[in-house]
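For the record, in the sequence shown the residue sitting at position 110 is 110 according to full-length UniProt numbering, with numbers rising by one throughout. Idealized CB from N, CA, C, for every residue including glycine. Written below as structure tokens is the structure these notes are about.
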Amino acid sequence: MIEIPSDLHKDLVPLAFLLGNWAGAGVHDFPGAEKCNFGQEVTFTHDGRDFLEYQSHTWVLDNDGNKVRPLESEHGFWRIDADRKVEVTMVRDDGVVEIWYGELAAKKPQIDLVTDAVARTAASGPYSGGKRLYGYVKSDLMWVGEKQTPEVELRPYMSAHLKKVVTPEDVERWAKALPDDMPDDGIAFFK
């Protein structure tokens, strides 16, 4: 279910499917790095202005699905214009700052992004750009990232399948929004 908050900036309505807390798992595989399964938590929030705030934290998982250590963290801001063009500014924990541009697909919640600019600190590893695809599929958020370095051509390196995290506050808000004339037995509701 896609909920559009009443205080969401009108320009962001096409991105409302991203809002909320998401959690799930995925696969990381890039030459020169450890191949692993990872866990991920992603949050998209808004404060009434014309952007979504984005945070992502990933960590390596062992064979039993337990957290081993942090993998990557990102923080950014997402905007969309009237022509469905999306821009993202993002900073990563490894010293990389990126500007991404892309587009929200017509008639479906899917966003294709490609890096337009990359800045790196002296401590960051080699990186020259990437592509990402985000999609809202059957109430889940899925994404795949591609990466390139001076030594490695553009190739997929991370992907994840995330589920919406429901909080007690969400349940309370939804319960308050139910109509007063709900049937008492619950069964009549489905007849």
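DSSP state of residue i mapped onto helix, strand, coil
i, result
"GLU3", "coil"
"LEU113", "strand"
"VAL86", "strand"
"LYS107", "coil"
"ARG132", "strand"
"PRO31", "coil"
"PRO156", "strand"
"GLU151", "coil"
"LYS191", "In this prediction, LYS191 scores a pLDDT of 47, lower than 50, which makes its location untrustworthy; the coordinate-derived value is nonetheless stated afterwards. Coil at LYS191, not helix or strand."
"ARG92", "strand"
"ARG173", "helix"
"ALA122", "coil"
"GLY20", "strand"
Unbroken beta strand (DSSP E) run spanning residue i, endpoints
i, result
"residue 196", "Only positions 1 to 191 of the chain appear in the structure, and residue 196 is not among them; the question remains open."
"GLN45", "Before going further, note that residue 45 is Thr rather than Gln in the sequence given. That run of the beta strand (DSSP E) goes 36-45."
"VAL68", "67-80"
"VAL144", "140-148"
"VAL165", "No beta strand (DSSP E) holds VAL165; DSSP gives it neither H nor E."
Cβ pair residue i, residue j closer than 7 Å
i, j, result
"LEU19", "PHE51", "no"
"VAL42", "TRP59", "no"
"PRO126", "THR149", "yes"
"GLY102", "ASP112", "yes"
"VAL88", "TRP100", "yes"
"TRP143", "ALA122", "no"
"TRP8", "HIS46", "Reading off the sequence shown, one finds Leu at residue 8, where the question assumed Trp. Contact flag set, yes."
"LEU154", "GLY24", "no"
"GLY26", "LEU61", "no"
"LEU104", "ARG79", "no"
"GLY135", "GLN110", "yes"
Within-7 Å CB hit, residue i to chain B
i, result
"ASP7", "Judged by its chain identifiers, the structure shown contains no chain B, having just a single protein chain."
Check your understanding: Touch check for the segment 130-138 and the segment 28-36: three-plus C-beta pairs under 8 Å?
Key -> no
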